[in-house]
Amino acid sequence: MSQKFEKFGAEARIELVEWYGEPAIRKIRIPKSYREHGLDKKLRTRRTKEETEILSATKIADVDVPEVFFADPRSSEIIMEYVDGTLLKDIHERKTAKEVYTKLGTYAAKLHSNGIIHGDLTTKNVIHSSGRTVLLDFGLAFVSDRIEDMAEDVHLLKQAIKSAGSNQIRNFDYFLEGYGAESNGKHLDRIKKQILEIERRGRYARVD
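Here the sequence shown is numbered in the numbering used here, starting from 1 and rising by one per residue.
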């Protein structure tokens, strides 16, 4: 395999590897030297196990995520499907953007209705590939049925869209359309209200 790829996040090293002759992504949680060794090992093992379980639950919820080929919580390692495509942040064609953001809205609604919070719902963690819309990186995902946590998910995406320019904000409307259609409006009004509260707190903090 001639391709080379490796990147480091806050919690993990991600690299492109070969798995039975096909490209795959290998994710390993990195030891933290500032943590006591035993505690660090325990935390990395637990988070790897939780991420694997959440990816499985996400598949059951009919959200397209990379297939997990292998996982070993003891070594804090997951090997999963490599998805080659275009990140959502790099999609500028209006028809495609509308399609992907609407689909992402349905995904978020499905996750939230199953008590799953993505934790890092940004335009860098969605990829469009051969007609698929694939949601990536569940390293910060957790289980919760709190409206506040759902709203934080949605607010994070809104901020990512706004940072791309004022002409992109319509994409958030497409996302909300998909969310509302999938959930039949359940939680959506409360989520919108909570987002306004999050933004109000942010403005207040900046004034202080």
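No residue lacks a Cβ here, since even glycine has one placed at the ideal position from N, Cα and C.
Considering only residues of the same chain and omitting the five flanking positions on each side of residue i, which have a CB-CB separation below 6 Å?
i: K98; result: Y174
i: T123; result: L88, K89 and A160
i: L157; result: L121
i: K7; result: I14
i: I198; result: H155
i: A164; result: none
i: N125; result: L136 and D137
The alpha helix (DSSP H) with residue i in it runs from where to where?
i: F81; result: Here the sequence assigns Glu to residue 81, which means Phe is not the residue at that position. Counting along the chain, E81 falls outside any alpha helix (DSSP H), though it belongs to the beta strand (DSSP E) covering E77 to E81.
i: N167; result: Segment: none, N167 is in no alpha helix (DSSP H) and carries neither H nor E.
According to DSSP, which residues form a beta bridge with residue i?
i: V126; result: L135
i: E51; result: DSSP lists no partner for E51.
i: F142; result: I117
i: K22; result: According to the sequence shown, residue 22 is Glu rather than Lys. According to DSSP, which records beta bridges pairwise, E22 is partnered with W19.
Mind checking residue i: buried by the 16 CB within 10 Å criterion, or exposed?
i: D145; result: exposed
i: L196; result: exposed
i: I78; result: buried
i: H92; result: exposed
i: N171; result: buried
i: V100; result: buried
i: V154; result: buried
i: N167; result: exposed
i: E152; result: buried
i: K103; result: buried
i: R201; result: exposed
i: I60; result: exposed
i: H211; result: Shown here, the chain extends from 1 to 208; a query on residue 211 therefore has no answer.
i: I117; result: buried
i: G21; result: exposed
i: R26; result: buried
i: T96; result: exposed
Return the chain-ordered list of same chain residues with a C-beta closer than 8 Å to the C-beta of residue i, the five sequence neighbours on each side being excluded.
i: S183; result: A109, H112 and S113
i: G85; result: I127, H128, S129, S130, R132 and V134
i: A24; result: L16, V17, E18, F69, I79, M80, E81 and Y82
i: E177; result: T102 and G105
i: A147; result: At residue 147 the sequence reads Ile, which differs from the Ala that was named. H187, R190, I191 and Q194.
Excluding sequence positions up to five away, which residues of its chain have a Cβ less than 7 Å from the Cβ of residue i?
i: Y107; result: V63 and L135
i: V207; result: Only weak support exists for where V207 lies, its pLDDT of 47 falling under 50; the coordinates are left without a value.
i: K32; result: D40
i: L55; result: V65, V68 and F138
i: K192; result: none
i: I28; result: A12, R13, S76 and E77
i: G115; result: V143, S144 and D145
Consider the C-beta atom of residue i and the heavy atoms of the ligand FAD; say whether any pair is separated by less than 7 Å.
i: I14; result: Ligands displayed in this structure: none; no statement on the ligand FAD is therefore possible.
Quiz prompt | Runs of beta strand (DSSP E) wholly within the stretch 61-111 (minimum 3 residues, chain order) | solution = 68-72 and 77-81
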